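Sequential numbering of the sequence shown, starting at 897, is according to this note's numbering. Note that beta-carbon positions come from the ideal geometry of N, C-alpha and C, so glycine has one too. Treat the numbers as computed from the prediction; the structure is a model and nothing was measured. Report on the following structure.
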Amino acid sequence: METLWLTVTNLGRDEVFIIVLALFTWLVRPQGGRELGVAFALSYLLNSALKYGLDLPRPFTNDPALASEAAKATAGGPGLPSGHAQMSATLWLGIAAQLRSAGFTVFAALLVALICASRLLLHVHYPSDIAVGLLLGVMFALLAARVHFPQAGVLRWGIPAALLVVAAFIPAGAPREFGTGLGLLAGFWAARPTFAPPRDWAGRLIVAALGLVMVFAVYFALGALPQELKDMGVVRALRYAALVLVAAEGVPLALRRWLPAQASAAQGAPQVVH
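Encoded structure:
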């Protein structure tokens, strides 16, 4: 039974979030993907700040036998709030809040509930960790659906530049999440999706397959940097900012045949997949 719950809990991994955010942006709502990405990065940063600031224990902290080694491997850092609960809720409920589809909302809620249950059944979180993570995740999901993050003029590159400057001052030995979160926020803030999703199933499959190959090629290539470089906050931030910009700008440019440019006046309009 533990194998099942480990499989479910792995749906809250970074790689899954990358895939879902990329596919939602390319195939469903380009501008909505950018807003969701900014909200996701803000949620990630707040989760990291609370987790390491509060520094509260996990269930197996005092009783190591409570959780298996495989379960412990999915539990990075202190306990509250649950990153799996918060980030899964931000992502899936954020998409649901944008789409406003009853069927997808039920699917998203069930998926988030299963991921949260897996954290409890694997004994890597207390119920309070899950509750706080869920509450924060719902807040950021609503933010992703209701707030437009402006990037006109100097804001487009000024804010990302400021975030990278902050990352340069992250002290050595600080948790990697801070550099990652700043990089994600910088990348999503600068991203400007000016393409329309493919309208036919063949185009969607081509974009999904080739786009993910490109994104993960960059992901693993940047992950192959020397460890002493990767441990630097500013380098980690640059890696994730570059990954986001490759997904939001590079893939549409390379696959322009299936992701055609759209008129700027239509960028803020909801994207409808036919």
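Check: To the nearest whole angstrom, what separates the beta carbons of A1086 and R1052, a pair I think is in contact under 8 Å?
Finding: 6 Å
Item checked: Distance between L923 and P891 (C-alpha atoms, nearest Å) -> Since the displayed the chain opens at 897 and closes at 1170, residue 891 lies outside it and no answer follows.
Notebook entry, point to check: What is the DSSP secondary structure of F1091, reduced to helix, strand or coil?
Noted result: strand
Margin query: Only counting the same chain, and skipping five residues up and downstream in sequence, which positions put a Cβ closer than 8 Å to that of V1062?
Written below: Counting only Cβ-Cβ distances below 8 Å, and skipping sequence neighbours, we find L1078.
Next item on the list: Run the CB neighbour count on P1093, radius 10 Å, all protein chains shown included, and call it buried at 16 or more, exposed below.
Entry: buried
Item checked: CA-to-CA distance, T899 to R1095, given in whole angstroms -> In a straight line, the C-alpha of R1095 is about 38 Å away from that of T899.
Item checked: Cβ-Cβ separation, L987 to V916 (assumed contact under 8 Å), whole Å -> Rounded, the Cβ-Cβ distance is 6 Å, consistent with contact.
Check: Since L1080 and V1140 are thought to touch, with beta carbons under 8 Å apart, how far apart are those beta carbons, to the nearest angstrom?
Finding: 6 Å
Next item on the list: Would you check if the distance between the CB atom of A918 and the CB atom of G928 is smaller than 9 Å?
Entry: no
Next item on the list: Taking the CB atoms as reference points, tell me whether F1074 and L941 lie closer together than 9 Å.
Entry: yes
Next item on the list: Could you check which residue in P1046, F1000 and R1072 has the C-alpha nearest to that of E931?
Entry: P1046
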